[in-house]
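Down below is the structure, laid out as structure tokens.
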Amino acid sequence: MKKSSAHRCRDIERQAGYLQPEHCAPPPARPRSNAMWFIRDCCGVVCGVITWCLVFYAEFVVVFVMLLPAKNLPYSLINGALFNALAFLALASHARAMCTDPGAVPKGNATKEFIESLQLKPGQVVYKCPKCCSIKPDRAHHCSVCKRCIKKMDHHCPWVNNCVGENNQKYFVLFTMYIALISLHALIMVAFHFIFCFESDWTKCSSFSPPATVILLILLCFEGLLFLIFTSVMFGTQVHSICTDETGIEQLKKEERRWAKRTKWMNMKVVFGHPFSIAWLSPFATPDHGKADYYQYVV
Numbered sequence: 001m002k003k004s005s006a007h008r009c010r011d012i013e014r015q016a017g018y019l020q021p022e023h024c025a026p027p028p029a030r031p032r033s034n035a036m037w038f039i040r041d042c043c044g045v046v047c048g049v050i051t052w053c054l055v056f057y058a059e060f061v062v063v064f065v066m067l068l069p070a071k072n073l074p075y076s077l078i079n080g081a082l083f084n085a086l087a088f089l090a091l092a093s094h095a096r097a098m099c100t101d102p103g104a105v106p107k108g109n110a111t112k113e114f115i116e117s118l119q120l121k122p123g124q125v126v127y128k129c130p131k132c133c134s135i136k137p138d139r140a141h142h143c144s145v146c147k148r149c150i151k152k153m154d155h156h157c158p159w160v161n162n163c164v165g166e167n168n169q170k171y172f173v174l175f176t177m178y179i180a181l182i183s184l185h186a187l188i189m190v191a192f193h194f195i196f197c198f199e200s201d202w203t204k205c206s207s208f209s210p211p212a213t214v215i216l217l218i219l220l221c222f223e224g225l226l227f228l229i230f231t232s233v234m235f236g237t238q239v240h241s242i243c244t245d246e247t248g249i250e251q252l253k254k255e256e257r258r259w260a261k262r263t264k265w266m267n268m269k270v271v272f273g274h275p276f277s278i279a280w281l282s283p284f285a286t287p288d289h290g291k292a293d294y295y296q297y298v299v
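Once you know that position 253 of the sequence shown is 253 in full-length UniProt numbering, the rest is easy, because the numbers rise by one and skip nothing.
This is the structure we're talking about:
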């Protein structure tokens, strides 16, 4: 029977005879469960710092240029509380997406002892990643930046300096959603501020000089519009990927579907937790992914 192109493009070795476990060093000690996950990638670290700086810049312009000089106290309090709450949730989601293990497979576990401990039955096969020398579960892919195989890897995002995978996809979705919301909120406030300044004296609508105020508002408008478009597209792409239960890499490689099909609502609960609750919107709530076996290697 002819193999599909999806099987040919995967970096796996299907037969146990070709696993060559003797070429793998003993696996390193498993890190503590409370150890923080952080990728030491210069590009990712710079992108992460830029992300926080852009949010703080928007915070500065919204608070000190638009809200504090405003004469309407309820307007300033309501918009200030809303914007700061959304900005806090966006940065918290970014931090969780960056510092959460996305679902890394133990590195270097393709040893003879570990393969024998799986007690494979005749005809059963396992997958091995030749790059990190690990036995990898189905739907796992190797990330060249993280240098690990990641379960249900969607893509590596430099803006969060991490892969988007099985364990942190919720936080990445929340990050894109909250950034899109604060970008939209900032654009609306900039529009109202320009209208207010045109109808009154520019010196009374900001504590900064008129030229400085215009420049700060234009930069914020450009930033808000750019990130509103970018994060809205990413949010929609991620939600579609979750509902169809097909990662970005699987869509790109057109891999053959070999996993059970679930409803869209069930796929959402797999990522955000079961049952549905307000915790879906919280970056501090860790979703319950169920009691699936950690080592799903055998197919």
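Where is the CB? At the ideal position from N, CA and C, for every residue including glycine.
Shown here, Ile39 sits in coil according to DSSP, grouped into three states, outside any helix or strand.
As summarised for the segment 31-119, the continuous alpha helix (DSSP H) elements at least 4 residues long and confined to that stretch are 42-60, 73-99, 112-117, given in chain order. Fully contained in the UniProt domain "Palmitoyltransferase DHHC" (128-254) are the following beta strand (DSSP E) runs of length 3 or more, in chain order: 140-143, 148-151, 155-157, 162-164. Contact check for Phe272 against Pro287 passes: the beta carbons are separated by less than 8 Å. For Phe272, the enclosing alpha helix (DSSP H) stretches over residues 264-272.
DSSP places Ala285 outside both helix and strand once states are collapsed to three, so it counts as coil. Rounded to the nearest whole angstrom, the CA to CA distance from Ala191 to Lys261 is 46 Å. With contacts defined by Cβ atoms closer than 8 Å, Ala97 and Asn167 do not form a contacting pair. In the structure shown, Trp280 falls within a helical segment according to DSSP collapsed to helix, strand and coil. CA-to-CA, the gap between Thr111 and Lys253 works out to about 29 Å. The residue from Leu67, Ile249, Cys243 with its alpha-carbon nearest to that of Lys269 is Cys243. Contact annotation: the segment 80-91 does not touch the segment 131-147, with fewer than three C-beta pairs closer than 8 Å. Setting aside the 5 residues that flank it on each side, Val173 is surrounded in the same chain by Gln238, each with a C-beta closer than 6 Å to its C-beta; the list follows chain order. Burial of Thr51 is indicated by the presence of at least 16 other C-beta atoms within 10 angstroms of its C-beta.
With at least 16 other beta carbons inside 10 angstroms of its own, Ser183 counts as buried. Your pair Val126 and Ile115 checks out as a contact, with CB atoms roughly 7 Å apart and the cut at 8 Å. Each of Pro211, Tyr171, Val233, Ala212 was checked against the Cα of Ala92, and the nearest Cα belongs to Tyr171. Its Cα nearest to that of Ala58, the residue Gly224 stands out among Gly224, Asp245, Ser232.
Within the model, the alpha-carbon separation for Ile229 versus Ala180 is close to 8 Å. About 5 Å separates the beta carbons of Asp154 and Gly248, which is inside the 8 Å limit, making them a contact pair.
Spanning the alpha carbons of Tyr178 and His94 requires a straight line of approximately 10 Å. One thing to note: Leu220 has its Cβ within 8 Å of the Cβ of Val61.
Rounded to the nearest angstrom, the Cβ distance from Val145 to Asp41 is 6 Å, consistent with a contact under 8 Å. In this structure, His142 lies near Cys149, with their beta-carbon atoms less than 8 Å apart.
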